[in-house]
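**Student:** Residue numbers (our numbering): -7 to 267. Before I ask anything, here is the structure I am working with.
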């Protein structure tokens, strides 16, 4: 019994100070502990942003896919088209610049080359370039890259060789003071029948210096020699516009994009492997 008492005294002598320390530290831990909701929000932002689990992202993807699908050019059977993207970041819209499953099955045309131009290419990390290459290769297109930071420098792209050009949301902001020079270069490299697509957020629309309802008259596009052919505004906060060079006669009426709904299975195939 005496040994047991000695053992308890020994344990108490060691554990009581530890218990007191824990008791003092507990309020501080509880006070500074991240609230469960805030923690969950951070987890969603870190792991699910710009993925299938991000509803806002997917709403934007469905809207852009459905609108561009209607506005894609017509081409001769088995012809390879060239697309150019200005100031790209992640290439999330590259898959929407190729024909849909029905057109692919009929071998109407295919995306042959993807050209990326801009400061983002010049400053891109290796992983970013790999992602753009991966997205282009997934569509069967040969990727080509050119850094561009000097507005007085011409692109290494032949005149009248590009079928489609794309400005994704945020590109106009990234261009900054090079906007006018970039649009002049786009006009130079686009074919007479070439199409310029712009996916714009509200911030981008301000940089356009024009009004969608007014056909973007007086905008930077208008001043560079482009005219707005069609535009569609989505509930996701984005607007997709389609421009062509001024003075080019439209052979056929463009189909309306208002009632189009992209096939979820087809979009899933386009975004397969997207992280």
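Virtual Cβ for every residue (Gly too), placed ideally from N, Cα, C. Predicted model only: the values in this text are computed from it and were never measured.
Assuming residue 123 is part of the alpha helix (DSSP H), what are its boundary residues?
**Tutor:** Walking along the chain shown from the start, residue 123 turns up at place 131. Note, residue 123: alpha helix (DSSP H), 118 to 130.
**Student:** If residue 207 sits next to residue 220, beta carbons under 8 Å apart, how far is it from one beta carbon to the other, in whole angstroms?
**Tutor:** Position 215 of the chain shown holds residue 207. Position 228 of the chain shown holds residue 220. Confirmed, Cβ separation roughly 5 Å.
**Student:** Our contact map puts residue 230 next to residue 169 with C-beta atoms below 8 Å; I'd like the distance itself, whole angstroms only.
**Tutor:** The count along the chain shown starts at 1 and reaches residue 230 at position 238. The count along the chain shown starts at 1 and reaches residue 169 at position 177. About 24 Å; that fails the 8 Å criterion.
**Student:** Can you grab the Cα-Cα spacing for the pair residue 51 / residue 147, in whole Å?
**Tutor:** The residue given as residue 51 occupies position 59 in the chain shown. The residue given as residue 147 occupies position 155 in the chain shown. The alpha-carbon atoms of residue 51 and residue 147 are separated by roughly 34 Å.
**Student:** Would you tell me roughly how many angstroms separate the C-alpha atoms of residue 270 and residue 171, rounded to the nearest one?
**Tutor:** There is simply no residue 270 to check, as the chain begins at -7 and stops at 267 in what is shown.
**Student:** Give me the DSSP bridge partner(s) of residue 211.
**Tutor:** As a working note, residue 211 is residue 219 in the chain shown. Paired residue(s): none; residue 211 is not in a bridge.
**Student:** Can you tell which of 115, 89, 227 and 142 has its C-alpha closest to the C-alpha of residue 155?
**Tutor:** As a first step, residue 155 is located in the chain shown; it is residue number 163 there, counting from the start. Comparing Cα positions, the closest option is 89.
**Student:** Under three-state DSSP, which class holds residue 147?
**Tutor:** Mapped onto the chain shown, residue 147 falls at position 155. Residue state, collapsed to three classes: coil.
**Student:** In the DSSP assignment, find the unbroken beta strand (DSSP E) run with residue 102 in it and report its ends.
**Tutor:** On the chain shown, residue 102 is found 110 positions in, with the first residue counted as 1. Where residue 102 is concerned, the enclosing beta strand (DSSP E) stretches over 101 to 110.
**Student:** Residue 68 to residue 100, Cα distance in whole Å?
**Tutor:** The residue labelled residue 68 in the question sits at position 76 within the chain shown. The residue labelled residue 100 in the question sits at position 108 within the chain shown. Rounded to whole angstroms, residue 68 to residue 100 spans 7 Å at the Cα level.
**Student:** Taking DSSP's pairing of strands, which residues face residue 56 in a bridge?
**Tutor:** If you number the chain shown from 1, residue 56 lands on position 64. Bridge partners of residue 56: none, in fact.
**Student:** Which residues share a DSSP beta bridge with residue 272?
**Tutor:** Coverage of the chain is limited to positions -7 through 267, which leaves residue 272 absent and any answer about it impossible.
**Student:** Output the boundary residues of the alpha helix (DSSP H) element that contains residue 181.
**Tutor:** Within the chain shown, residue 181 is the residue found at index 189, counting from 1. Where residue 181 is concerned, the enclosing alpha helix (DSSP H) stretches over 171 to 181.
**Student:** With a cut-off of 8 Å, does the C-beta of residue 84 fall near any C-beta of chain C?
**Tutor:** Reference to chain C is not applicable here, since this structure consists of a single protein chain.
**Student:** Pick from 91, 118 and 78: whose alpha carbon is nearest that of residue 190?
**Tutor:** Along the chain shown, one-based indexing puts residue 190 at 198. Closest option to residue 190, Cα to Cα, is 78.
**Student:** To which residues does DSSP link residue 136 through a beta bridge?
**Tutor:** In the chain shown, the residue the question calls residue 136 occupies position 144. Its beta-bridge partners are 107.
**Student:** For residue 218, which residues does DSSP report across the bridge?
**Tutor:** As a first step, residue 218 is located in the chain shown; it is residue number 226 there, counting from the start. BP columns for residue 218 point to 237.
**Student:** Label residue 198 either buried or exposed according to how many other C-beta atoms from any shown protein chain fall within 10 Å of its C-beta, with 16 as the threshold for buried.
**Tutor:** Taking the first residue of the chain shown as position 1, residue 198 is located at position 206. Per the 10 Å Cβ criterion, exposed.
**Student:** Beta-carbon within less than 7 Å of residue 161's beta-carbon, same chain only, minus the 5 sequence neighbours each way: which residues are those?
**Tutor:** Here residue 161 is taken as the residue at index 169 of the chain shown, counted from 1. Answer for residue 161: 191, 192, 193, 196 and 230, listed in chain order.
**Student:** Measure from the alpha carbon of residue 121 to the alpha carbon of each residue in 103, 240, 84 and 210, then state which is nearest.
**Tutor:** Indexing the chain shown from 1 puts residue 121 at position 129. Measuring from the Cα of residue 121, the nearest candidate turns out to be 84.
**Student:** So which of 145, 182, 117 and 74 has the shortest CA-CA distance to residue 136?
**Tutor:** As a working note, residue 136 is residue 144 in the chain shown. With distances taken between Cα atoms, residue 136 lies closest to 74.
**Student:** Any heavy atom of the ligand ATP closer than 7 Å to the CB of residue 140?
**Tutor:** Absent from the structure shown: the ligand ATP. Ligands present: none.
**Student:** Residue range of the beta strand (DSSP E) that residue 75 falls in?
**Tutor:** Here residue 75 is taken as the residue at index 83 of the chain shown, counted from 1. Note, residue 75: beta strand (DSSP E), 71 to 78.
**Student:** For residue 47 and residue 54, what's the separation of their Cα atoms in angstroms?
**Tutor:** Within the chain shown, the letter at position 55 stands for residue 47. Within the chain shown, the letter at position 62 stands for residue 54. Approximately 10 Å, taken between the alpha carbons.
**Student:** Does residue 71 pass the burial test, meaning 16 or more other C-beta atoms within 10 Å, or should it be called exposed?
**Tutor:** For the purposes of this step, residue 71 is taken as the residue at position 79 of the chain shown. Looking at its Cβ environment, which holds fewer than 16 other Cβ atoms inside 10 Å, residue 71 is exposed.
**Student:** Quickly, what does DSSP pair residue 68 with across the bridge? List them, please.
**Tutor:** For this step, residue 68 is matched to residue 76 along the chain shown. Bridge partners of residue 68: none, in fact.
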